[in-house]
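Asks: My structure is below; once you've seen it, I'll send some questions.
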Amino acid sequence: MPYKEKEIEKQYYTIGEVAAMFDVAPSLIRFWETEFEQLRPKKNKKGNRQYTKQDIETLRTVYHLVKERGYTIQGAKDVMKNKSVQTKDKMEIIDSLEKVRSFLVGIKNQLNTKA
Numbered sequence: 869m870p871y872k873e874k875e876i877e878k879q880y881y882t883i884g885e886v887a888a889m890f891d892v893a894p895s896l897i898r899f900w901e902t903e904f905e906q907l908r909p910k911k912n913k914k915g916n917r918q919y920t921k922q923d924i925e926t927l928r929t930v931y932h933l934v935k936e937r938g939y940t941i942q943g944a945k946d947v948m949k950n951k952s953v954q955t956k957d958k959m960e961i962i963d964s965l966e967k968v969r970s971f972l973v974g975i976k977n978q979l980n981t982k983a
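For the sequence shown, the numbering used here gives the first residue as 869, with consecutive numbering after it.
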């Protein structure tokens, strides 16, 4: 049986990498840290923030509520406290529907180019 190398996954991400994932400024992420108690990234000895996958999922929820759904900061805080499981489920459904849509659009484009 041939040896297969495991894909290396990062455990920690810098604030710049996380900001690039969401296409926002690092200052906005720092601001969200002060506003949302669920978002507390680990800091190294130098004081640099180290975001885990769980932190990024929390940020994804905050981004979805504030930027995509148009909630105020206070409204997003209330939703995160009361309905965090429902919000995550809805976000997962939206993500899967967007993937299906992009797949179908790709098929449509392929059919149009062949015709």
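Cβ atoms here follow ideal geometry from the backbone N, Cα and C, with glycine treated the same way. Computed from a predicted structure; not experimentally measured.
Alpha helix (DSSP H) containing E903: first to last residue?
Replies: As a first step, residue 903 must be located in the sequence shown, where it is residue number 35. Residues P894 to E903.
Asks: Which residues in the same chain as Q918 place their Cβ atom closer than 8 Å to its Cβ, once the five residues preceding and following it in sequence are excluded?
Replies: As a working mapping, residue 918 is identified with position 50 in the sequence shown. For Q918, where only same-chain residues beyond five positions count, the Cβ hits under 8 Å are Y880, Y881, T882, P909, K910, K911 and N912.
Asks: Are the region 966-974 and the region 927-945 in contact at 8 Å, needing three or more beta carbon pairs?
Replies: no
Asks: For the alpha helix (DSSP H) that contains Y931, what are its first and last residues?
Replies: Numbered from 1 along the sequence shown, position 63 holds the residue referred to as residue 931. Residues K921 to Y931.
Asks: Between which two residues does the alpha helix (DSSP H) harbouring I1011 extend?
Replies: No answer is possible for residue 1011: it lies beyond the span of the chain, which begins at 869 and ends at 983.
Asks: Under 7 Å between the Cβ atoms of T926 and Q906?
Replies: Sequence index remark: in the sequence shown, residue 926 carries index 58 (1-based). Sequence index remark: in the sequence shown, residue 906 carries index 38 (1-based). The answer is yes: Cβ separation under 7 Å.
Asks: Using three-state DSSP, classify K911 as helix, strand or coil.
Replies: For the purposes of this step, residue 911 is taken as the residue at position 43 of the sequence shown. In this structure, K911 counts as strand in the three-state DSSP scheme.
Asks: Return the CA-CA distance between L979 and V968, expressed in angstroms with no decimal places.
Replies: In the sequence shown, residue 979 corresponds to position 111, counting from 1. In the sequence shown, residue 968 corresponds to position 100, counting from 1. Their Cα atoms are separated by approximately 17 Å.
Asks: Using a Cβ-Cβ cutoff of less than 6 Å, which residues in the same chain neighbour N916 once the five nearest sequence positions on both sides are dropped?
Replies: Reading the sequence shown from its first residue, position 48 is the one you call residue 916. If we look at N916 and ignore the five residues flanking it on each side, it has no Cβ neighbours.
Asks: Name the residue from I876, S970, M889 and V947 whose alpha carbon lies nearest to the alpha carbon of D923.
Replies: Along the sequence shown, one-based indexing puts residue 923 at 55. Checked all of I876, S970, M889 and V947; the closest Cα to D923 is M889.
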